[in-house]
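Residue numbers (the working numbering): 81 to 653. Even for Gly, the Cβ is constructed at its ideal location relative to N, Cα and C.
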Amino acid sequence: MSGAEDLEQVDYDVLVVGAGGAGLRAVVAAQEAGARVGLVCKSLLGKAHTVMAEGGVAAAMGHVAPSDSWQTHFRDTMVGGKMLNNPRMAQLHAQEAPARVRELEQWGAVFDRTEDGRILQRSFGGHSHPRLAHVGDRTGLEMIRTLQDRVVAGGVDVHMECCVTHLVTGPAGVTGAVGYRRQTGRPIAFGAKAIVLATGGVGKAYEITSNSWEYSGDGQALAYEAGADLIDMEFVQFHPTGMVWPPGVRGLLVTEAVRGEGGILRNAAGERFMWKYLPEDRRNEYAATDEEAARWGRGSPHGGVFLDISYLPPDHVRRKLPSMYEQFKELADVDITKGPMEVGPTTHYVMGGIRVDADSGATTVPGLFAAGEVAGGMHGANRLGGNSLSDLLVFGARTGTGAAAHAASLAGQPYMNPVQVQAAVRDLDGPLERTSGEDPYAIQRDLQATMQSLVGIFRVEADLDEAIRRLAALRTRWSTVRVDGGRVYNPGWNLVFELRNLLVVSEAIARSARQREESRGAHSRIDFPATDDATWGGRNSVIARRADGTMGVSTTALPAMDDELRGLVGVAH
Ligand SMILES: Cc1cc2nc3c(=O)[nH]c(=O)nc-3n(C[C@H](O)[C@H](O)[C@H](O)COP(=O)(O)OP(=O)(O)OC[C@H]3O[C@@H](n4cnc5c(N)ncnc54)[C@H](O)[C@@H]3O)c2cc1C
81 MSGAEDLEQV DYDVLVVGAG GAGLRAVVAA QEAGARVGLV CKSLLGKAHT
131 VMAEGGVAAA MGHVAPSDSW QTHFRDTMVG GKMLNNPRMA QLHAQEAPAR
181 VRELEQWGAV FDRTEDGRIL QRSFGGHSHP RLAHVGDRTG LEMIRTLQDR
231 VVAGGVDVHM ECCVTHLVTG PAGVTGAVGY RRQTGRPIAF GAKAIVLATG
281 GVGKAYEITS NSWEYSGDGQ ALAYEAGADL IDMEFVQFHP TGMVWPPGVR
331 GLLVTEAVRG EGGILRNAAG ERFMWKYLPE DRRNEYAATD EEAARWGRGS
381 PHGGVFLDIS YLPPDHVRRK LPSMYEQFKE LADVDITKGP MEVGPTTHYV
431 MGGIRVDADS GATTVPGLFA AGEVAGGMHG ANRLGGNSLS DLLVFGARTG
481 TGAAAHAASL AGQPYMNPVQ VQAAVRDLDG PLERTSGEDP YAIQRDLQAT
531 MQSLVGIFRV EADLDEAIRR LAALRTRWST VRVDGGRVYN PGWNLVFELR
581 NLLVVSEAIA RSARQREESR GAHSRIDFPA TDDATWGGRN SVIARRADGT
631 MGVSTTALPA MDDELRGLVG VAH
């Protein structure tokens with residue numbers, strides 16, 4: 081049976097796509113505003129990426145350092161983001177994060193405590209004060225558990241293991257979405273007055289990533305195809321310590337807490353090499369090719385470096401880093417109390433994303449909203465650890481409220497153009513019906529290799545041009561992709577639509593990186609090593625936008641700061 085004959089349809093005021101921290105917090109806010117809410121997620125409820133967050137949620141509550149304030153949190157965030165953050169987002173985030181964290185506590189989250197019974201806060205890179213509220217090294221799990229309880233108690237239709245693949249639009253904006261149920265392959269159309277995209281990041285564009293299979297840039301690509309702007313896509317955060325061995329776990333995160341506890345980075349000669357690497361000298365200090373790096377012979381056996389905490393008492397290591405101890409013992413057969421870990425960089429987080437209004441989460445497409453890692457602007461050129469979980473809470477709530485208000489402003493359910501719905505369903509059928517064509521796994525392999533080798537940590541114009549050329553060729557190959565098997569739990573079929581999205585976000589990353597001819601934050605151009613305030617005015621964003629079926633990139637000035645904010649960060653404009 082083809083999908084068209086079996087189409088299911090449900091209607092909501094607000095459809096939230098994604099059940100991580102941002103999506104769940106948006107549902108709570110939309111429910112409180114009285115909206116009929118539907119929630120969709122690709123895997124089981126509770127399995128979103130947010131659950132993996134360990135370090136904590138940043139909020140200037142001042143429980144450990146009474147001198148902390150929203151002003152210092154704002155300043156730290158802007159400095160970390162190299163002044164490219166949307167200042168209104170950074171301001172709202174710093175001002176509202178404490179209330180959002182306290183609210184979580186009132187809803188049942190059990191945070192670690194200070195001796196006088198308040199929420200404990202720990203130090204983290206880039207934060208000038210101990211600011212991260214945490215629950216041991218499983219903060220994200222507690223956050224998801226608490227929000228899920230709240231959402232389910234509030235009454236919401238949850239569509240688990242359901243993948244949204246298309247947005248439906250009309251002259252007045254977004255009118256619904258189409259996707260399919262992974263258990264059955266059955267297509268489903270969601271009519272919606274407002275849609276919140278909360279689908280997370282893009283890590284699967286790269287070979288080596290700390291991200292799970294779900295991070296395929298779905299929300300970014302859906303929004304782009306619907307006409308929304310993608311902003312700052314050149315800023316991809318590569319975490320310095322991921323596992324490098326064995327191959328099956330390559331990229332898995334080795335938490336920053338290892339270095340926080342005193343872990344030392346060494347090369348194969350046992351040297352503490354980090355002090356030598358000053359940014360100004362970057363060009364001469366890194367190998368130009370893999371072969372040259374191999375000849376240097378200073379890395380670990382599997383191409384990383386060593387991170388050593390084994391000089392500390394074993395009991396201390398096991399007590400302070402229980403998850404890391406287990407992770408290396410179970411997955412790599414390495415006892416980190418006895419010897420070093422092998423680590424290397426891993427793609428971790430994307431600062432760029434869908435351009436949104438700071439106050440409401442509205443995109444430039446009416447009725448379409450975005451929050452969480454899928455949205456851009458909040459973190460500028462680099463994100464501070466802990467600022468993502470607070471971002472999810474602050475802007476998840478604001479976006480849920482914004483979407484519900486938009487829905488309430490419409491008289492009735494918007495008309496969902498059946499031609500668009502049927503075209504989407506035919507798209508779903510295509511790869512299953514073709515008798516010959518490309519294997520999606522081959523395209524995925526080539527896509528990830530392209531991004532890893534040409535659009536990685538250090539970038540140069542010729543590589544970026546080559547990447548853009550190869551991505552175009554991959555898109556052509558994708559258009560004839562075919563999959564074996566049926567519609568039921570078919571991961572190859574699922575991959576087809578994720579690849580379509582990854583091709584969009586990869587092109588946006590490569591084109592934006594090509595456009596930004598300077599080095600700033602997480603974006604390092606070997607051919608433009610300086611941070612070029614003169615050309616870039618210091619505070620400009622790169623925008624990727626669809627025009628006549630192709631991707632155009634342009635540069636736009638960031639929103640201006642008022643006098644108070646300018647004073648906090650000490651800039652003149
Ligand atoms: C290992 C690790 C540790 C981290 N530690 C921290 C930390 O300590 N502090 C911190 O602040 N940040 C941390 N981060 C970053 C932070 O966890 C993420 O940025 C954040 O959780 C993203 O939340 P989200 O709600 O935007 O997306 P997610 O939590 O990933 O949720 C995305 C949701 O969207 C759904 N989805 C995606 N595509 C579709 C589709 N097409 N159709 C339907 N549903 C879809 C998914 O199923 C999922 O439910 C860490 C990240 C990692 C990987």
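Contact between the segment 615–632 and the segment 329–344 is not established, with fewer than three Cβ pairs separated by less than 8 Å. With a cut-off of 8 Å, the C-beta of L469 is classified as near ligand 1, since at least one heavy atom of the ligand falls inside that distance. With distances taken between CA atoms, M169 lies nearest to S468 out of L534, G572, S468 and T630.
Contact between A128 and A106 is ruled out by a C-beta separation of about 13 Å, above the 8 Å threshold.
Of the candidates V385, P420, P381 and A412, P420 places its Cα closest to the Cα of P394. Ligand 1 approaches S290 closely enough that one of its heavy atoms is under 8 Å from the residue's Cβ. Going by beta carbons, L200 and A213 fall inside the 9 Å limit. The alpha-carbon separation between G566 and L512 amounts to approximately 7 Å.
When rounded, the separation of the alpha-carbon atoms in G447 and V120 is 17 Å. Taking the Cα of A529 as reference, the smallest distance to any Cα among V96, I288 and C243 is reached at I288. In summary, H396 is exposed, with fewer than 16 beta-carbon neighbours lying within 10 Å of its beta-carbon over all protein chains present. Annotation: the segment 122–185 contains the following complete segments of the alpha helix (DSSP H) (minimum length 4 residues), in chain order: 150–160. CA-to-CA, the gap between D309 and R626 works out to about 8 Å.
Exposure of V499 is indicated by the presence of fewer than 16 other C-beta atoms within 10 angstroms of its C-beta. Nearest to A174 by alpha-carbon distance, out of I416, P251, F475 and I434, is F475. At least one heavy atom of ligand 1 sits closer than 8 Å to the Cβ of A102. If you check the C-beta of T481 against ligand 1, you find no heavy atom less than 8 Å away. Counting only unbroken stretches of 3 or more residues, the beta strand (DSSP E) elements lying wholly within the segment 577–638 are 620–627 and 630–637, in sequence order. Annotation: the continuous beta strand (DSSP E) that includes E422 extends over M421 to V430. Taken atom to atom, the span from the alpha-carbon of L490 to that of A252 is near 11 Å. Around the C-beta of E314, 16 or more other C-beta atoms lie within 10 Å, and the residue is accordingly described as buried.
Beta-bridge pairing by DSSP links A303 to no other residue. Nearest Cα to L104 within the set V90, D86, Q89 and G126: G126.
Using a cutoff of 8 Å, the CB of S403 does not count as near ligand 1, since none of the ligand's heavy atoms is closer than that.
Classified as buried, K162 has 16 or more neighbouring CB atoms from the shown chains inside 10 Å of its CB. In this structure, the C-beta of G466 approaches ligand 1 to less than 8 Å from one of its heavy atoms. Segment contact: the segment 149–167 against the segment 575–588, fewer than three CB-CB distances shorter than 8 Å; contact not assigned. Where Q500 is concerned, the enclosing alpha helix (DSSP H) starts and stops at P498 to E513.
Under the 8 Å Cβ criterion, the segment 285–299 does not count as touching the segment 542–555, having fewer than three qualifying pairs.
Between ligand 1 and the CB of K400, the shortest heavy atom gap is not smaller than 8 Å. Here L527 really is in contact with L579; their C-beta atoms are around 7 Å apart, less than 8 Å. At a cut-off of 8 Å, the beta-carbon of D86 does not count as near ligand 1: no heavy atom of the ligand is closer than that. For G476, the secondary structure class from DSSP, reduced to helix, strand or coil, is helix.
In summary, E406 is exposed, with fewer than 16 beta-carbon neighbours lying within 10 Å of its beta-carbon over all protein chains present. The alpha-carbon of A110 is positioned some 9 Å away from that of D93. Counting every other CB atom within 10 Å of its CB across the protein chains shown gives V561 a total of 16 or more, marking it as buried.
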